[in-house]
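Chains as they are written, first to last, in my numbering: chain L, 2 to 196; chain Z, 112 to 169. Where is the CB? At the ideal position from N, CA and C, for every residue including glycine. Below: the structure, in structure tokens.
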């Protein structure tokens with residue numbers, strides 16, 4: 002990520018998220034057999050499923066999002082989907098407070114919005130504001146180079162662990178956005194920077 | 112990269128599992144609503160996400 006921001010500013014689209022909204026969480030009771038993985042989804046637009054369409058609420062949670070897909074697995078029961086487009090690490094720490102203590106599985110995708118990648122993508126990739134592009138990249142690099150984002154992520158994971166001490170916490174990376182076979186060198190570099 | 116860095120410090124009070132890299136799971140072209148959904152995975156991309164997470168769980 003750091004290399005991506007320094008060398009290819011538009012690469013920040015790999016972690017882009019746009020909206021800053023939230024939805025009240027319900028403290029759903031845990032259910033299922035002892036073998037059931039009671040599951041809570043936390044995170045940003047990538048966790049909500051933005052891009053999947055057929056949105057269920059203002060957080061842009063989609064039936065095509067990975068929480069719903071995992072819920073369809075026989076041994077996994079999604080008890081609460083708290084993911085919301087635009088969520089930062091601070092938002093996910095707040096989400097974590099709503100995780101039932103006995104939860105066995107928590108997934109989380111977060112970090113991109115701390116870097117304001119949506120704004121960076123708009124300013125840089127869409128070339129809306131070159132001056133803002135430079136400024137936003139500078140801010141993002143500051144957060145990365147000084148481990149400020151890293152510390153925020155660690156704090157987030159600790160908050161999740163504190164809320165659900167027995168849960169397996171699965172952290173997802175952000176995906177490569179372009180086909181791996183792309184012949185566009187810019188797309189290829191963005192892919193490489195994402196991995 | 113961020114998550115990988117976190118993993119290196121995962122012993123600092125928290126244990127996490129990283130889902131495998133999501134190769135080719137995103138796609139920025141052809142969204143029905145490009146302004147809203149640009150730079151996010153498609154439905155197929157999220158299926159890949161789910162597989163990656165299941166791998167981490169197993």
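DSSP beta-bridge partners for residue i?
i: residue 115/L; result: According to DSSP, which records beta bridges pairwise, residue 115/L is partnered with nothing at all.
i: residue 169/L; result: 106/L
i: residue 137/L; result: Looking at the DSSP assignment, residue 137/L forms no beta bridge with any residue, so it has no partner.
i: residue 128/Z; result: 171/L
Quick check on DSSP: helix, strand or coil for residue i?
i: residue 1/L; result: The structure shown has nothing for residue 1/L, since chain L only spans 2 to 196.
i: residue 82/L; result: strand
i: residue 77/L; result: strand
i: residue 25/L; result: Because the pLDDT of residue 25/L is 39, which lies under 50, any placement of that residue in the model is unreliable, and the number read from its coordinates should be weighed accordingly. Residue state, collapsed to three classes: coil.
i: residue 152/Z; result: strand
i: residue 61/L; result: coil
i: residue 181/L; result: coil
Could you check the C-alpha separation between residue i and residue j for me, to the nearest Å?
i: residue 154/Z; j: residue 163/Z; result: 14 Å
i: residue 147/L; j: residue 118/L; result: 18 Å
i: residue 103/L; j: residue 169/L; result: 11 Å
i: residue 82/L; j: residue 183/L; result: 34 Å
i: residue 174/L; j: residue 112/L; result: 10 Å
i: residue 96/L; j: residue 49/L; result: 13 Å
i: residue 163/L; j: residue 155/L; result: 12 Å
i: residue 76/L; j: residue 100/L; result: 19 Å
i: residue 92/L; j: residue 150/L; result: 14 Å
i: residue 116/L; j: residue 135/L; result: 13 Å
i: residue 157/L; j: residue 180/L; result: 31 Å
i: residue 168/Z; j: residue 37/L; result: 13 Å
i: residue 108/L; j: residue 161/Z; result: 10 Å
Is there a Cβ of chain Z sitting closer than 8 Å to that of residue i, yes or no?
i: residue 162/L; result: yes
i: residue 108/L; result: yes
i: residue 100/L; result: no
i: residue 184/L; result: no
i: residue 71/L; result: yes
Flag residue i as yes if its beta-carbon sits less than 8 Å from any beta-carbon of chain L, otherwise no.
i: residue 169/Z; result: no
Interfacial residues, the segment 137-162 of chain L to chain Z, with Cβ spacing under 7 Å: So the list reads 150, 151, 154, 155, 158, 159, 162, given in the order they occur along the chain.
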